Structures are given as C-alpha cells and as structure tokens.
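*Asks:* According to my numbering, the sequence shown is numbered sequentially starting from 1474. Just dropping this structure here.
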Amino acid sequence: ALGLDGTANGLDLLDPFSPVNLQIGDEQAFLVGPRIGLTKEVERPWRFWLPNEPTVSRSRIS
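Okay, here's the thing in structure tokens:
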C-alpha cells in the first residue's frame, strides 16, 4: 500500500532524513477494532483508523 519493498527493511523510522520516517503531527482521535479477514485472534484490537476518513476500507458483515 505504501509502495515499499525490501530496501526499506531496517530503515530508522526516527531519523528525519530517512526516506521513510515518522513525524509528529496534530493529535487526532482514532478508533480501534478487530482486524478484518483473519480467522485467528480476531478479538485483538489491531485495526486503527481515523473516523470519517474516506480512504479507510469498511468492514463487511458476512
């Protein structure tokens, strides 16, 4: 999804000069829920998203 390949493995995400890095932005509230499409440990809250974000896939109830 981010266009990363194996060359990004081991990059320092805290280095501001790294091609891939984490930056501090405005604080935002986020929602938490179970992962979609998994059959093991589905109860774990490993899915995080911003409310009303149009790029977030919707969960599908089967």
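We treat Cβ as the ideally placed atom computed from N, Cα and C, and that holds for glycine. Quick caveat, the model's predicted, so the values are computed rather than measured.
Between G1506 and P1527, what straight-line distance do the alpha-carbon atoms span, to the nearest angstrom?
*Replies:* By 1-based counting over the sequence shown, the position of residue 1506 is 33. By 1-based counting over the sequence shown, the position of residue 1527 is 54. So the two alpha carbons sit approximately 17 Å from each other.
*Asks:* Do N1494 and L1504 come within 8 Å of each other at the CB atom, strictly closer than that value?
*Replies:* The count along the sequence shown starts at 1 and reaches residue 1504 at position 31. The count along the sequence shown starts at 1 and reaches residue 1494 at position 21. No, the Cβ-Cβ distance between L1504 and N1494 is not below 8 Å.
*Asks:* Look at the Cβ atom of R1520, then the Cβ atom of I1509, and state whether they are nearer than 8 Å.
*Replies:* For this step, residue 1520 is matched to residue 47 along the sequence shown. For this step, residue 1509 is matched to residue 36 along the sequence shown. Yes.
*Asks:* Using the C-alpha atoms, what's the distance from L1523 back to Q1501?
*Replies:* The residue given as residue 1501 occupies position 28 in the sequence shown. The residue given as residue 1523 occupies position 50 in the sequence shown. Roughly 8 Å separates the two Cα atoms.
*Asks:* CA-CA distance, N1482 and I1497?
*Replies:* For this step, residue 1482 is matched to residue 9 along the sequence shown. For this step, residue 1497 is matched to residue 24 along the sequence shown. If you take the alpha carbons of N1482 and I1497, they lie about 22 Å apart.
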